[in-house]
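Asker: In terms of our numbering, the sequence shown opens at residue 143 and continues consecutively.
We treat Cβ as the ideally placed atom computed from N, Cα and C, and that holds for glycine.
Once you've had a glance at the structure underneath, I'll fire off some questions.
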Amino acid sequence: MAPAKVNLTLHVTGQRGDGYHLLDSLVVFASVGDVLRAQSAPAYSLQVTGPEAAAVPLDDSNLVLRAARVLSPQACAAFHLRKTLPAQAGLGGGSSDAAAALRLLAAIHDLTPPEPTTVAGLGADVPVCLWSRPARMRGIGDQVEPFGPLPEFWMVLVNPGVKLSTPQVFAALGRKANPALPAKLPRPDTARALAAWLGAQRNDLEPPAIAQAPTIRAVLDALRDTRGCLLARMSGSGASCFGMYQTQAEAEAAAQSLRRTHFEWWVRAAAALGRPDQVARATT
Numbered sequence: 143m144a145p146a147k148v149n150l151t152l153h154v155t156g157q158r159g160d161g162y163h164l165l166d167s168l169v170v171f172a173s174v175g176d177v178l179r180a181q182s183a184p185a186y187s188l189q190v191t192g193p194e195a196a197a198v199p200l201d202d203s204n205l206v207l208r209a210a211r212v213l214s215p216q217a218c219a220a221f222h223l224r225k226t227l228p229a230q231a232g233l234g235g236g237s238s239d240a241a242a243a244l245r246l247l248a249a250i251h252d253l254t255p256p257e258p259t260t261v262a263g264l265g266a267d268v269p270v271c272l273w274s275r276p277a278r279m280r281g282i283g284d285q286v287e288p289f290g291p292l293p294e295f296w297m298v299l300v301n302p303g304v305k306l307s308t309p310q311v312f313a314a315l316g317r318k319a320n321p322a323l324p325a326k327l328p329r330p331d332t333a334r335a336l337a338a339w340l341g342a343q344r345n346d347l348e349p350p351a352i353a354q355a356p357t358i359r360a361v362l363d364a365l366r367d368t369r370g371c372l373l374a375r376m377s378g379s380g381a382s383c384f385g386m387y388q389t390q391a392e393a394e395a396a397a398q399s400l401r402r403t404h405f406e407w408w409v410r411a412a413a414a415l416g417r418p419d420q421v422a423r424a425t426t
């Protein structure tokens, strides 16, 4: 599986001369995502199916094919992607697909998998998605370090069907040099304690994203109104948002409630993959 990536925090701390923004973000992965399969082939190819397939490009701009060719132009594979995550949603779907392609290609051709820091050129989220476990990502996404293990918690992921351009959201950010996360991060041992600490942190892209897509505010309000929601925040550059819950029962009840009242939204309850064993099961 190529699990959904969720930015629990996203602090924009500066901008380089070449235009790239500097980030300080805590990332966790969810138990929902796309499914990528591959087999050795004489040339690269990609087939895409699934409910979100229509939004996926099939040419060389696709991150699955780009990532595979970065690892090996010669050792090729035929990929089949079942796309279930919405595109341009702030859930790192394309980046997680790319990371899964790198893992698969390395496995079927006995290649050395790339280090996360060497694939930042494919996109800011690709290194952390290659890591695929709770992490702090900094710089332009090229600095990845483990964070956790995290206490068990559940999430409800919601996308209202609004497409946002990441460059436009960054461009609308009024202040680029914002405070980073603390140098030393805490290690909360309960979901409630983790949510309380995260509540004092930020997603700096949330205000400019809401200005471009006011529906995001409605999503956040709806999540906060569900029983048991500990924290609601936008993920990445939007428009997807997440709610944090202590238990599976609370998350699933919240997801069912949101589907009843907002049938047009994409809504999923998912476990946070906070431990290495959970990640290993989800990404193999």
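When the Cα atoms are used, what is the spatial distance from residue 342 to residue 334?
Answerer: Within the sequence shown, residue 342 is the residue found at index 200, counting from 1. Within the sequence shown, residue 334 is the residue found at index 192, counting from 1. Going from the Cα of residue 342 to the Cα of residue 334 covers about 13 angstroms.
Asker: Look at residue 384 and residue 299 and say whether their C-beta atoms are less than 9 angstroms apart.
Answerer: Counted from its first residue, the sequence shown places residue 384 at position 242. Counted from its first residue, the sequence shown places residue 299 at position 157. In contact: residue 384 and residue 299 (Cβ atoms closer than 9 angstroms).
Asker: How would you write the range of the alpha helix (DSSP H) that residue 238 sits in, first residue to last?
Answerer: The residue labelled residue 238 in the question sits at position 96 within the sequence shown. Residue 238 -> alpha helix (DSSP H) spans 235-250.
Asker: Quick check: residue 307 and residue 230, are their CB atoms within less than 9 angstroms of each other?
Answerer: Within the sequence shown, residue 307 is the residue found at index 165, counting from 1. Within the sequence shown, residue 230 is the residue found at index 88, counting from 1. Yes, they are a contact pair.
Asker: From residue 190 to residue 304, what does the alpha carbon distance come to, in whole angstroms?
Answerer: As a position in the sequence shown, residue 190 is number 48, starting the count at 1. As a position in the sequence shown, residue 304 is number 162, starting the count at 1. Their Cα atoms are separated by approximately 22 angstroms.
Asker: Nearest-angstrom Cα distance between residue 251 and residue 243?
Answerer: The residue you call residue 251 lines up with position 109 of the sequence shown. The residue you call residue 243 lines up with position 101 of the sequence shown. Taking the straight line joining both Cα atoms gives about 12 angstroms.
Asker: Thinking C-beta only, is residue 227 closer than 9 angstroms to residue 174?
Answerer: Along the sequence shown, one-based indexing puts residue 174 at 32. Along the sequence shown, one-based indexing puts residue 227 at 85. Cβ distance < 9 angstroms, so residue 174 and residue 227 count as in contact.
Asker: Helix, strand or coil for residue 383? Go by DSSP, reduced to three states.
Answerer: For the purposes of this step, residue 383 is taken as the residue at position 241 of the sequence shown. Reduced to three states, the DSSP call for residue 383 is strand.
Asker: Going by Cα to Cα distance, which pick from 145, 372 and 394 is closest to residue 234?
Answerer: As a first step, residue 234 must be located in the sequence shown, where it is residue number 92. Ranking the options by Cα distance to residue 234, first place goes to 145.
Asker: Residue 182: which of 248, 154, 200 and 193 sits nearest, CA to CA?
Answerer: The residue you call residue 182 lines up with position 40 of the sequence shown. Closest by alpha carbon: 248.
Asker: Assuming residue 408 is part of the alpha helix (DSSP H), what are its boundary residues?
Answerer: Within the sequence shown, numbered from 1, the residue matching residue 408 stands at position 266. First-last for residue 408: 408-413, but that is the beta strand (DSSP E), not the alpha helix (DSSP H).
Asker: Please report the distance separating the alpha-carbon of residue 214 from that of residue 223.
Answerer: In the sequence shown, counting from the first residue as 1, residue 214 sits at position 72. In the sequence shown, counting from the first residue as 1, residue 223 sits at position 81. In a straight line, the C-alpha of residue 214 is about 19 angstroms away from that of residue 223.
Asker: Assign residue 362 to buried or exposed, taking buried as 16 or more other Cβ atoms, counted over all protein chains shown, within 10 Å of its Cβ.
Answerer: As a first step, residue 362 is located in the sequence shown; it is residue number 220 there, counting from the start. Classification for residue 362: buried.
Asker: For the beta strand (DSSP E) containing residue 299, name the first residue and the last one.
Answerer: Within the sequence shown, residue 299 is the residue found at index 157, counting from 1. Segment 296-301, the beta strand (DSSP E) holding residue 299.
Asker: Using DSSP's beta-bridge definition, name the partner residues of residue 179.
Answerer: Locating residue 179 in the sequence shown gives position 37, counting from the first residue. Looking at the DSSP assignment, residue 179 forms a beta bridge with 222.
Asker: Which residues does DSSP pair with residue 376 in a beta bridge?
Answerer: Position 234 of the sequence shown holds residue 376. For residue 376, which the question treats as bridged, DSSP gives the partners 383.
Asker: In three-state DSSP terms, what is residue 286?
Answerer: Looking up residue 286 in the sequence shown gives position 144. Correct three-state label for residue 286: strand.
Asker: Between 165, 217 and 236, which has its C-alpha nearest residue 197's C-alpha?
Answerer: Locating residue 197 in the sequence shown gives position 55, counting from the first residue. Nearest of 165, 217 and 236 to residue 197, Cα basis: 236.
Asker: Could you give the distance in angstroms between the alpha-carbon of residue 187 and the alpha-carbon of residue 200?
Answerer: In the sequence shown, counting from the first residue as 1, residue 187 sits at position 45. In the sequence shown, counting from the first residue as 1, residue 200 sits at position 58. Between residue 187 and residue 200, the C-alpha separation is close to 9 angstroms.
Asker: Should residue 368 go down as buried or exposed, given a rule of 16 or more other Cβ atoms within 10 Å for buried?
Answerer: Walking along the sequence shown from the start, residue 368 turns up at place 226. Buried, because 16 or more other Cβ atoms sit within 10 Å of the Cβ of residue 368.
Asker: Helix, strand or coil for residue 312 per DSSP?
Answerer: Residue mapping note: residue 312 aligns to position 170 of the sequence shown, counting from 1. In this structure, residue 312 counts as helix in the three-state DSSP scheme.
Asker: Residue 402 by DSSP, collapsed to three states: which one?
Answerer: Residue 402 sits at position 260 when you count from the first residue of the sequence shown. Here residue 402 sits in helix by DSSP.
Asker: Kindly indicate the opening and closing residues of the alpha helix (DSSP H) around residue 360.
Answerer: In the sequence shown, residue 360 corresponds to position 218, counting from 1. Looking at the DSSP string, the run of the alpha helix (DSSP H) that includes residue 360 is 357-366.
Asker: From the beta carbon of residue 180, is the nearest beta carbon of chain D less than 9 angstroms away?
Answerer: Of the chains in the structure shown, none is chain D; there is only one protein chain.
Asker: DSSP has residue 281 in a bridge; who is on the other side?
Answerer: Within the sequence shown, numbered from 1, the residue matching residue 281 stands at position 139. DSSP lists 165 as partners of residue 281.
Asker: Once the 5 residues before and after residue 207 are set aside, which same chain residues still bring their CB inside 7 angstroms of it?
Answerer: As a first step, residue 207 is located in the sequence shown; it is residue number 65 there, counting from the start. So the list reads 186 and 188, once near-sequence residues are dropped.
Asker: Flag this pair as yes or no: are the beta carbons of residue 165 and residue 279 separated by less than 9 angstroms?
Answerer: Position 23 of the sequence shown, counted from the start, is the residue given in the question as residue 165. Position 137 of the sequence shown, counted from the start, is the residue given in the question as residue 279. Cβ atoms of residue 165 and residue 279: closer than 9 angstroms.
Asker: Would residue 287 be called buried (16 or more neighbouring beta carbons within 10 Å of its own) or exposed?
Answerer: Here residue 287 refers to the residue found at position 145 when the sequence shown is read from its first residue. Exposed: under 16 other Cβ atoms inside 10 Å.
Asker: Decide yes or no for the touch test of the stretch 147-164 against the stretch 392-399: beta carbon pairs closer than 8 angstroms, at least 3 of them.
Answerer: The answer is no - the stretch 392-399 does not touch the stretch 147-164, with fewer than three Cβ pairs under 8 angstroms.
Asker: So which of 319, 388 and 284 has the shortest CA-CA distance to residue 337?
Answerer: Residue mapping note: residue 337 aligns to position 195 of the sequence shown, counting from 1. Looking at the Cα atoms, 388 is the closest of the given residues.
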